[in-house]
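**Student:**
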Amino acid sequence: MRRIGLLGGTSWESTIDYYRLLNVGVRDRLGGSHSADLLLRSVDFAEIEARQAVDDWTSLGRRYAREASSLVAAGAEVLAICANTMHLVYDDVARAGAQAVHLVDAVADVAHAAGHSSVGLLGTRYTMSSPDLYPARMAARGVDVVVPEPADAAEVHRIIYAELVQGVVTDESRDVLEGVVARLVDRGVQAVVLGCTELGMILAPDRAPVPLLDSLAIHVEAILDAALSEPSPVPSSSSALEESGAA
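Be aware that the sequence shown starts at 248, since it is given in this note's numbering, and climbs by one per residue.
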């Protein structure tokens, strides 16, 4: 098993599900008393949220690059960002020197494998408005992305930041979000991506008219695939010297 390094805390309400599901997944796949070999760097979300609010993605990228490097220095071989929105700084994390499992690529693979050609997307305003996050990566697999109309998108963002990341789940907000899903279905989508790791707290698949693609659950499976795969062989220092002709 390769050691997993999680960049979590955004928010911890969903990071705890990553921890739980990764451990359950390892136990289910390996049996016995096996559990996940992982490290968790949980950041103070208030610091991250403040920089998001002013679109300071440059400093967020630098911050996450440092956090990722610290995980790699502690032995992490597989990295994962426990949030959709923070994948806007994925490239900074990927340069840390370990395999970084991209959440959106995992979701896109599942959507494509299911035969969906059009999916709706719910998430933060940062996630829903980024052309490079979901639309580009989905398009590479032949899947179109449809986002809610502006008023609906604003309400989804509000519910995430004002309620879900605070652990608040209400029937009223569930009704609102289910209405947004219904309007996306009216526009022809075949599935809806829960493109915020907190949305699984409030939206249930059995209440939706189309499949809900839970980004957190899908990401966990992709992380497990990476952690339980054989790493690429790394030549030892002695073999490297032999190949170079040195003695």
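Backbone N, C-alpha and C fix where the C-beta goes; we use that ideal spot for every residue, glycine too.
In this text, all values refer to a predicted model and were calculated from it rather than measured experimentally.
Please confirm if the region 297-316 is in contact with the region 272-283, defined as three or more CB-CB distances below 8 Å between the two stretches.
**Tutor:** No: fewer than three Cβ pairs fall under 8 Å.
**Student:** Going by DSSP in three states, Leu475 sits in which element: helix, strand or coil?
**Tutor:** Your numbering for residue 475 matches position 228 in the sequence shown. Coil, per DSSP.
**Student:** Run the CB neighbour count on Gly366, radius 10 Å, all protein chains shown included, and call it buried at 16 or more, exposed below.
**Tutor:** Taking the sequence shown and counting its residues from 1, one reaches residue 366 at position 119. It is worth fixing the name first, because residue 366 is Val in this sequence and not Gly. When all chains shown are included, Val366 counts as buried.
**Student:** If you draw a straight line from the alpha carbon of Ala474 to that of Asp339, how long is it in whole angstroms?
**Tutor:** For the purposes of this step, residue 474 is taken as the residue at position 227 of the sequence shown. For the purposes of this step, residue 339 is taken as the residue at position 92 of the sequence shown. Between Ala474 and Asp339, the C-alpha separation is close to 21 Å.
**Student:** Around the Cβ of Val394, are there at least 16 other Cβ atoms within 10 angstroms (buried) or fewer (exposed)?
**Tutor:** Taking the sequence shown and counting its residues from 1, one reaches residue 394 at position 147. By the neighbour-count rule (16 or more Cβ atoms within 10 Å), Val394 is buried.
**Student:** Classify Ala300: buried if its beta carbon has 16 or more other beta carbons within 10 angstroms, exposed otherwise.
**Tutor:** Position 53 of the sequence shown, counted from the first residue, corresponds to residue 300. Exposed, because fewer than 16 other Cβ atoms sit within 10 Å of the Cβ of Ala300.
**Student:** Let me make sure I understand the geometry here. Which of Thr257, Arg250, Val416 has the alpha-carbon closest to that of Leu463?
**Tutor:** Against the sequence shown, residue 463 aligns to sequence position 216. Among Thr257, Arg250, Val416, the Cα nearest to that of Leu463 is on Thr257.
**Student:** Mapping the DSSP letters down to three states, classify Ile328 as helix, strand or coil.
**Tutor:** Indexing the sequence shown from 1 puts residue 328 at position 81. Three-state DSSP puts Ile328 in a strand.
**Student:** Specify, as a first and last residue, the run of the beta strand (DSSP E) that Val440 falls within.
**Tutor:** Taking the sequence shown and counting its residues from 1, the one referred to as residue 440 is at position 193. Where Val440 is concerned, the enclosing beta strand (DSSP E) stretches over 438-441.
**Student:** Could you say which of Ala398, Gln413, Cys329 lies nearest to Asp461 if we only look at CA atoms?
**Tutor:** Taking the first residue of the sequence shown as position 1, residue 461 is located at position 214. The option with the nearest alpha carbon to Asp461 is Cys329.
**Student:** Considering Arg274, what are the terminal residues of the alpha helix (DSSP H) in which it resides?
**Tutor:** Taking the sequence shown and counting its residues from 1, the one referred to as residue 274 is at position 27. From DSSP, the alpha helix (DSSP H) with Arg274 extends over 259-277.
**Student:** Within a Cβ cutoff of 6 Å, which residues of the same chain sit near Val290, ignoring the five residues on either side of it in sequence?
**Tutor:** The count along the sequence shown starts at 1 and reaches residue 290 at position 43. So the list reads Gly256, once near-sequence residues are dropped.
**Student:** Looking only at its chain, what residues have a beta carbon closer than 7 Å to the beta carbon of Val336, apart from the 5 residues adjacent to it on each side?
**Tutor:** In the sequence shown, counting from the first residue as 1, residue 336 sits at position 89. Answer for Val336: Trp304, Leu307, Gly308, Tyr311, listed in chain order.
**Student:** What would DSSP say about Val467, mapped onto helix, strand or coil?
**Tutor:** To locate residue 467, count along the sequence shown from 1; it is residue 220. Val467 falls in the helix class under three-state DSSP.
**Student:** Would you identify the three-state DSSP class for Leu411, choosing helix, strand or coil?
**Tutor:** As a first step, residue 411 is located in the sequence shown; it is residue number 164 there, counting from the start. Residue state, collapsed to three classes: helix.
**Student:** Helix, strand or coil for Arg288, going by three-state DSSP, please let me know.
**Tutor:** Counting from one through the sequence shown, the residue named residue 288 turns up at place 41. Reduced to three states, the DSSP call for Arg288 is strand.
**Student:** Could you work out which residue in Cys443, Val439, Thr444, Leu269 is closest to Ala361 when comparing CA atoms only?
**Tutor:** Against the sequence shown, residue 361 aligns to sequence position 114. Of Cys443, Val439, Thr444, Leu269, the residue nearest in Cα terms is Val439.
**Student:** Thinking Leu471 and Gly272 are a contact (beta carbons under 8 Å), I'd like their distance in whole angstroms, please.
**Tutor:** The sequence position of residue 471 within the sequence shown is 224, counting from 1. The sequence position of residue 272 within the sequence shown is 25, counting from 1. Sure, about 5 Å apart at Cβ, within 8 Å.
**Student:** Let me check one thing: in DSSP terms, what residues is Leu424 bridge-paired to?
**Tutor:** Walking along the sequence shown from the start, residue 424 turns up at place 177. Leu424 is not bridged to any residue.
**Student:** Should Thr417 be labelled buried (16 or more other beta-carbon atoms within 10 Å of its own) or exposed?
**Tutor:** Start at 1 with the first residue of the sequence shown, and residue 417 comes out as number 170. Per the 10 Å Cβ criterion, exposed.
**Student:** Among Ile407, Gly426, Leu318, whose alpha-carbon lies nearest the alpha-carbon of Gly344?
**Tutor:** As a working note, residue 344 is residue 97 in the sequence shown. Selected option, being the one with the closest Cα: Leu318.
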